[in-house]
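Each step along the first sequence adds one to the number in the UniProt record's numbering, with nothing skipped, and position 60 is 60. To start, the structure itself, in structure tokens.
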Amino acid sequence: MATPAGLERWVQDELHSVLGLSERHVAQFLIGTAQRCVSAEEFVQRLRDTDTLDLSGPACDFALRLWNKVPRKAVVEKPARAAEREARALLEKNRGSKQTEKPESEDEWERTERERLQDLEERDAFAERVRQRDKDRTRNVLERSDKKAYEEAQKRLRMAEEDRKAMVPELRKKSRREYLAKREREKLEDLEAELADEEFLFGDVELSRHERRELKYKRRVRDLAREYRAAGEQEKLEATNRYHMPEETRGQPARAVDLVEEESGAPGEEQRRWEEARLGAASLKFGARDAASQEPKYQLVLEEEETIEFVRATQLQGDEEPSAPSLPTQAQQKESIQAVRRSLPVFPFREELLAAIANHQVLIIEGETGSGKTTQIPQYLFEEGYTKKGMKIACTQPRRVAAMSVAARVAREMGVKLGNEVGYSIRFEDCTSERTVLRYMTDGMLLREFLSEPDLASYSVVMVDEAHERTLHTDILFGLIKDVARFRPELKVLVASATLDTARFSTFFDDAPVFRIPGRRFPVDIFYTKAPEADYLEACVVSVLQIHVTQPPGDILVFLTGQEEIEAACEMLQDRCRRLGSKIRELLVLPIYANLPSDMQARIFQSTPPGARKVVVATNIAETSLTIEGIIYVLDPGFCKQKSYNPRTGMESLTVTPCSKASANQRAGRAGRVAAGKCFRLYTAWAYQHELEETTVPEIQRTSLGNVVLLLKSLGIHDLMHFDFLDPPPYETLLLALEQLYALGALNHLGELTTSGRKMAELPVDPMLSKMILASEKYSCSEEILTVAAMLSVNNSIFYRPKDKVVHADNARVNFFLPGGDHLVLLNVYTQWAESGYSSQWCYENFVQFRSMRRARDVREQLEGLLERVEVGLSSCQGDYIRVRKAITAGYFYHTARLTRSGYRTVKQQQTVFIHPNSSLFEEQPRWLLYHELVLTTKEFMRQVLEIESSWLLEVAPHYYKAKELEDPHAKKMPKKIGKTREELG
DNA sequence: GAGCACTGC
Numbered sequence: 001m002a003t004p005a006g007l008e009r010w011v012q013d014e015l016h017s018v019l020g021l022s023e024r025h026v027a028q029f030l031i032g033t034a035q036r037c038v039s040a041e042e043f044v045q046r047l048r049d050t051d052t053l054d055l056s057g058p059a060c061d062f063a064l065r066l067w068n069k070v071p072r073k074a075v076v077e078k079p080a081r082a083a084e085r086e087a088r089a090l091l092e093k094n095r096g097s098k099q100t101e102k103p104e105s106e107d108e109w110e111r112t113e114r115e116r117l118q119d120l121e122e123r124d125a126f127a128e129r130v131r132q133r134d135k136d137r138t139r140n141v142l143e144r145s146d147k148k149a150y151e152e153a154q155k156r157l158r159m160a161e162e163d164r165k166a167m168v169p170e171l172r173k174k175s176r177r178e179y180l181a182k183r184e185r186e187k188l189e190d191l192e193a194e195l196a197d198e199e200f201l202f203g204d205v206e207l208s209r210h211e212r213r214e215l216k217y218k219r220r221v222r223d224l225a226r227e228y229r230a231a232g233e234q235e236k237l238e239a240t241n242r243y244h245m246p247e248e249t250r251g252q253p254a255r256a257v258d259l260v261e262e263e264s265g266a267p268g269e270e271q272r273r274w275e276e277a278r279l280g281a282a283s284l285k286f287g288a289r290d291a292a293s294q295e296p297k298y299q300l301v302l303e304e305e306e307t308i309e310f311v312r313a314t315q316l317q318g319d320e321e322p323s324a325p326s327l328p329t330q331a332q333q334k335e336s337i338q339a340v341r342r343s344l345p346v347f348p349f350r351e352e353l354l355a356a357i358a359n360h361q362v363l364i365i366e367g368e369t370g371s372g373k374t375t376q377i378p379q380y381l382f383e384e385g386y387t388k389k390g391m392k393i394a395c396t397q398p399r400r401v402a403a404m405s406v407a408a409r410v411a412r413e414m415g416v417k418l419g420n421e422v423g424y425s426i427r428f429e430d431c432t433s434e435r436t437v438l439r440y441m442t443d444g445m446l447l448r449e450f451l452s453e454p455d456l457a458s459y460s461v462v463m464v465d466e467a468h469e470r471t472l473h474t475d476i477l478f479g480l481i482k483d484v485a486r487f488r489p490e491l492k493v494l495v496a497s498a499t500l501d502t503a504r505f506s507t508f509f510d511d512a513p514v515f516r517i518p519g520r521r522f523p524v525d526i527f528y529t530k531a532p533e534a535d536y537l538e539a540c541v542v543s544v545l546q547i548h549v550t551q552p553p554g555d556i557l558v559f560l561t562g563q564e565e566i567e568a569a570c571e572m573l574q575d576r577c578r579r580l581g582s583k584i585r586e587l588l589v590l591p592i593y594a595n596l597p598s599d600m601q602a603r604i605f606q607s608t609p610p611g612a613r614k615v616v617v618a619t620n621i622a623e624t625s626l627t628i629e630g631i632i633y634v635l636d637p638g639f640c641k642q643k644s645y646n647p648r649t650g651m652e653s654l655t656v657t658p659c660s661k662a663s664a665n666q667r668a669g670r671a672g673r674v675a676a677g678k679c680f681r682l683y684t685a686w687a688y689q690h691e692l693e694e695t696t697v698p699e700i701q702r703t704s705l706g707n708v709v710l711l712l713k714s715l716g717i718h719d720l721m722h723f724d725f726l727d728p729p730p731y732e733t734l735l736l737a738l739e740q741l742y743a744l745g746a747l748n749h750l751g752e753l754t755t756s757g758r759k760m761a762e763l764p765v766d767p768m769l770s771k772m773i774l775a776s777e778k779y780s781c782s783e784e785i786l787t788v789a790a791m792l793s794v795n796n797s798i799f800y801r802p803k804d805k806v807v808h809a810d811n812a813r814v815n816f817f818l819p820g821g822d823h824l825v826l827l828n829v830y831t832q833w834a835e836s837g838y839s840s841q842w843c844y845e846n847f848v849q850f851r852s853m854r855r856a857r858d859v860r861e862q863l864e865g866l867l868e869r870v871e872v873g874l875s876s877c878q879g880d881y882i883r884v885r886k887a888i889t890a891g892y893f894y895h896t897a898r899l900t901r902s903g904y905r906t907v908k909q910q911q912t913v914f915i916h917p918n919s920s921l922f923e924e925q926p927r928w929l930l931y932h933e934l935v936l937t938t939k940e941f942m943r944q945v946l947e948i949e950s951s952w953l954l955e956v957a958p959h960y961y962k963a964k965e966l967e968d969p970h971a972k973k974m975p976k977k978i979g980k981t982r983e984e985l986g
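Put into structure tokens, the structure is as follows:
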């Protein structure tokens, strides 16, 4: 009979030769399953059910051999014994005492089996305790949240003040030029290579008309680019610029100097400049004579070969609404709230909609933004009596602000105080009470509620809004809700989505009917470029100016991919406007992206001064998250930055990719919110048709799923491969998540949730982070670990590094360094900030982002509250950082790297990795490292690294590491050891 | 010596 270890080795070897994989937990899973099955047939069937192995030919043979090899005696006895134990576990309470009597002669299988069952019992007891505590907890949330909201508002005001002080714009011409030059060079090289390829490959092939045209475009673009480059070099000699008006500027050198001074001006300069701008704009209004005299100059501004040719190709249809005016007029706003409600597009459908909801359990609602579905439908349901008998209506939103603002509006419409009948529930802020029946919440929040109420028993209706956005949480909700709906026939499910994909939702929910509500949108004319653009940034700038001088009034929205591009584009635009001076009307250039200080963000909402035009240069944030009034023109280069995840390496990367058609149309739609608009796409109609994906890949397929898997397991969903996903994630992603959870001890060898896993699921952080928090109890340092966890949760935006104070900022950062690594640096930053009384002034002085710190504080407070829930006590290590580092290692032993002759390599996958230059350990080379995350940018970088000792790995994860693989092959271990012993002796 | 879109619990 094979020993357990021998059997396991045998299975691993077999697995390797049969399937080409050899995972320890797979082997254990197979042995465990074989051991529990009464017959070989049952075993094969079970493996088939998991759907993880291809059980044809050799694999099936292997399964049979394995079943035979598992000790016969055990096979016959175990299931009966296990079943008996399970029954006893449920029925008897004095089981524990019987266990202690177990003879020592029991073999390893029996021991693990006993431990497993004991753990399951503990887990269920823990879950029950949590449920009970939730029940007992009485809330007085309303007052608390009001107070909190007030404090929040105060904090924001203070922060805006700080941000304003810190805001000092400056020029970065050099880096910008280098960036653009490099980009242009690369594009041109690409194009030339492509053309050369085509000529070589298809030179003598008959081309279709279309292909010929394409080729001609490409050649023309190449020639233009060459000419342009040549011209540019010529211009460099002349020290002029393409849009430069030489005679004007040369005549006014003083003006240029003025502008430079303004740029580096003191705080308050912005305000003055803005006022000047308004004055300037006002003065432009005098008479038509001015305007007329400017006309011919436009021709000079944009010479023919420098403009971009657009062709109008299609039109995004507006929704016809002849009777109702599209925007509430002044008079309308003064009318009663009820009249406004009646004017919404959804109103005429009220009865029909309620009938459809009554007749069908699941209804897909297709409606554009502005149809009133989000605010009205829950109210209709309320009026119809769906909230009687204490039942609630949930409406989920993908974003926090949306949940808050919609709830506030509905409360106003219903004439109740926010938090009473109508409330919202988002992370860090629960504005609901016992009386709340209409509950707006973020999708992630409803997902969390499944943990305490898996059947959503207190809800009569669940409405999933903005379903087309396909956020990770929405996608998981679909599967869960579909399941709940099956055994709760009285639960109504509404899925609200924009026109996209409603058919798919319908199919997913067993052909649920689709109810269409017209929106309120204006038509948008779509224009494409005639030829592809080599440098889209340059093309953007030219197009903006082109729109500015040739098109009627209306603000412009430009979509770029990130902060760097936005800054570059804004500078180019401002630069050119300055050179053109009074020859063109004023153009206000405003950037917007998530990391921009709040007061700068607020500027995009200020109304445009008369006579001027606003151009907002934005990231994806303007696609869904915020709406800017007055946008008539949209400029879309067709790119976005997207996160992707490689499950094989566990590495995330952020890359610029062409956006999808859906995304392009969403962007175009932004032009038609107040009037008929125009969208200029900086790519050809052909590219739109043939090169863009139909829809964006749903998030669930682009991200790591550790906490999702943990959550599903906690909800009792064991068979993830068969979970009803609208779009299933890659198989490898699920497998890696399972493997990691197994390594972390969240799942046992049969893939069942353990007590520790159940606790981890309670914490709203990634599994490794929650493991670290749980482990902090053992090392008595939960206070410190909470801080580290909170700081790690805010995305690398702790240190602020303004371009003009790089040296100061770097010095400030280095001052926080502590030996040991970045985790301790983060701890240090937070501790000092807390000692300053959470001061924003302190942040400003130390080049730390106040906004991020405030978020870290929120996270820390939430985690601290949850610590009690997972039954971990608060304790401090009192400066003994070894304990903190060990606790971190207990969560992150999966993420380790060791120094080899050829640099760092990850311990398990032997992948070459590098310390990120921002790390405190960048200039040191510790032998053993632990990293928080691995990101692929220009190289495979480890971000947030911590120095560890290899012996700790054996201490915290003996199941995962073998002493042998932690030996240092090159280290001169023996002499060192001897030396040490002697030292000790002496 | 790099350079992080956007959400959310």
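Backbone N, C-alpha and C define an ideal beta-carbon position, used for all residues, glycine too.
Rounded to whole angstroms, what's the CA-CA distance from residue i to residue j? Just pull it up for me.
i, j, result
"Gly672", "Arg342", "23 Å"
"Asn359", "Ser460", "15 Å"
"Arg801", "Pro819", "23 Å"
"Glu115", "Arg667", "56 Å"
"Pro728", "Tyr838", "44 Å"
"Val956", "Tyr688", "53 Å"
"Asn846", "Trp833", "10 Å"
"Leu966", "Ser951", "8 Å"
"Ala166", "Asp804", "Legend: pLDDT at Ala166 = 40, less than 50; position of this residue unreliable, value from coordinates given subsequently. C-alpha separation (whole angstroms): 11 Å."
"Arg139", "Ala127", "For Arg139, the predicted structure reports a pLDDT of 41, less than 50, and the residue's modelled location is therefore unreliable. A value from the coordinates is still provided. Whole-angstrom Cα-Cα distance: 21 Å."
"Arg982", "Arg901", "The pLDDT assigned to Arg982 is 34, lower than 50, so where the model puts this residue is not dependable; a value taken from the coordinates is nonetheless given after this. The straight-line gap from Cα to Cα measures roughly 30 Å."
"Ala622", "Leu827", "34 Å"
"Ala40", "Trp10", "18 Å"
"residue 1030", "Ala512", "Lying before the first or after the last residue shown, residue 1030 is absent from the chain, which here runs from 1 to 986."
With residue i as the anchor, note down where its alpha helix (DSSP H) starts and where it stops.
i, result
"Ser770", "Pro767 to Ala775"
"Tyr844", "Ser840 to Glu845"
"Val956", "Ser950 to Val956"
Taking the continuous beta strand (DSSP E) assigned at residue i, which residues delimit it?
i, result
"Asn646", "Phe639 to Asn646"
"Ile476", "Counting along the chain, Ile476 falls outside any beta strand (DSSP E), though it belongs to the alpha helix (DSSP H) covering Leu472 to Phe487."
"Ile365", "Val362 to Gly367"
"Ser876", "Run containing Ser876: none; DSSP gives neither H nor E here."
"Ile426", "Val422 to Ile426"
"Lys661", "That residue, Lys661, is in no beta strand (DSSP E); its alpha helix (DSSP H) goes Lys661 to Gly669."
"Phe505", "Taken as a continuous stretch (DSSP letters only), Phe505 belongs to no beta strand (DSSP E), being part of the alpha helix (DSSP H) at Thr502 to Phe508."
"Ser433", "No beta strand (DSSP E) contains Ser433, which DSSP labels as neither H nor E."
Which residue or residues does DSSP assign as beta-bridge partners of residue i?
i, result
"Leu738", "Bridge partners of Leu738: none, in fact."
"Ala394", "Arg439 and Val462"
"Gln315", "Asp525"
"Val859", "Its beta-bridge partners do not exist; DSSP assigns none."
| field | alpha helix (DSSP H) segments (min. 4 residues) lying fully within the segment 544–609 | value | 563–580 and 598–602
| query | Should the segment 734–749 be regarded as contacting the segment 703–715, the criterion being three or more beta carbon pairs within less than 8 Å? | reply | yes
| Contact between the segment 887–901 and the segment 923–937: three or more CB pairs below 8 Å? | yes
| query | Using 8 Å as the threshold, is the segment 364–382 in touch with the segment 493–511, meaning 3 or more CB pairs across them? | reply | yes
| Counting pairs of Cβ atoms below 8 Å between the segment 789–796 and the segment 857–867, do you hit three or more? | yes
| field | the segment 872–880 touching the segment 768–784, judged by at least three CB pairs closer than 8 Å | value | yes
| How do the segment 674–693 and the segment 719–733 stand: do at least 3 beta-carbon pairs fall below 8 Å, yes or no? | no
| message | Would the segment 911–918 count as touching the segment 894–903 if we require 3 or more Cβ pairs under 8 Å? | response | yes
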